[in-house]
Amino acid sequence: MNITHIEHIGIAVEDMDEAIAYYENVLGLKCYAIEEVPDQKVKTAFFMVGQTKIELLESTDPEGPIGKHIEKRGPGLHHLAFAVGDVAQSLEEAEDKGMRLIDKTPRKGAEGLNIGFLHPKSTLGVLTEFCGKK
Ligand code: ZN
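For the sequence shown, our numbering gives the first residue as -5, with consecutive numbering after it.
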């Protein structure tokens, strides 16, 4: 699996402008990219904190995964993404160890990276993402 670090922490927000203002004005971080990921029905904004990013997620569609998440649980921590060498291989390894997968094979996430999710029912309640160039 070869996890090297926490690639990013995903946070669901209701209002992207309000959220960016908090991270910039209160925490002093700088938003370096805003990107829409139509596939996931979200708009994302990124901040660098050392080697780790904070990924803000604003829903562009109430029926999308973030829209549904916010409706059920409100805004806040959404997922934890680990940087791995090979996303496909890491998903396969997790499945072999009995984990339920959301993504059987990697798909494209923000920043052109491959991503794949494990189901939170298998991972003690933490929606877990693998993220990598391969
Ligand atoms: Zn993510």
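Each residue gets a CB set at the ideal place from its N, CA and C atoms; glycine is no exception.
Whole-angstrom C-beta distance between residue j and residue i, which should lie under 8 Å
i: Ala77; j: Cys125; result: 6 Å
i: Met10; j: Leu50; result: 6 Å
i: Val81; j: Thr54; result: 24 Å between Cβ atoms; not a contact.
i: Ile3; j: Leu74; result: 6 Å
i: Leu129; j: Lys98; result: The question about residue 129 has no answer here: the residues shown for the chain are numbered -5 through 128.
Residue i - partner residues in DSSP beta bridges
i: Thr122; result: Leu74, Leu112
i: Tyr53; result: It is worth fixing the name first, because residue 53 is Ser in this sequence and not Tyr. According to DSSP, Ser53 bridges with Val36.
i: Asp43; result: The sequence shown places Val at residue 43, rather than the Asp named in the question. Partner(s): Thr46.
i: Ile28; result: Ala39
DSSP three-state assignment for residue i, whether helix, strand or coil
i: Leu95; result: strand
i: Gly4; result: strand
i: Lys102; result: strand
i: Lys66; result: helix
i: Met(-5); result: coil
i: Gly61; result: helix
i: Leu85; result: helix
Cβ neighbour criterion (16 or more within 10 Å) applied to residue i
i: Lys47; result: buried
i: Leu118; result: exposed
i: Pro59; result: buried
i: Ala39; result: buried
i: Val7; result: buried
i: His(-1); result: exposed
i: Gln45; result: exposed
i: Ile14; result: buried
i: Ile109; result: buried
i: Ala104; result: buried
i: Ile(-3); result: exposed
Proximity test, Cβ basis, 7 Å: residue i and chain B
i: Pro56; result: The structure shown has no chain B; it contains just one protein chain.
* Any chance you could list the residues with Cβ under 7 Å from a heavy atom of the ligand ZN, keeping chain order? => Counting only beta-carbon distances shorter than 7 Å to the non-hydrogen atoms of the ligand ZN, the qualifying residues in chain order are His2, Gly4, Glu49, His73, Ala75, Gly103, Ile109, Glu123, Cys125.
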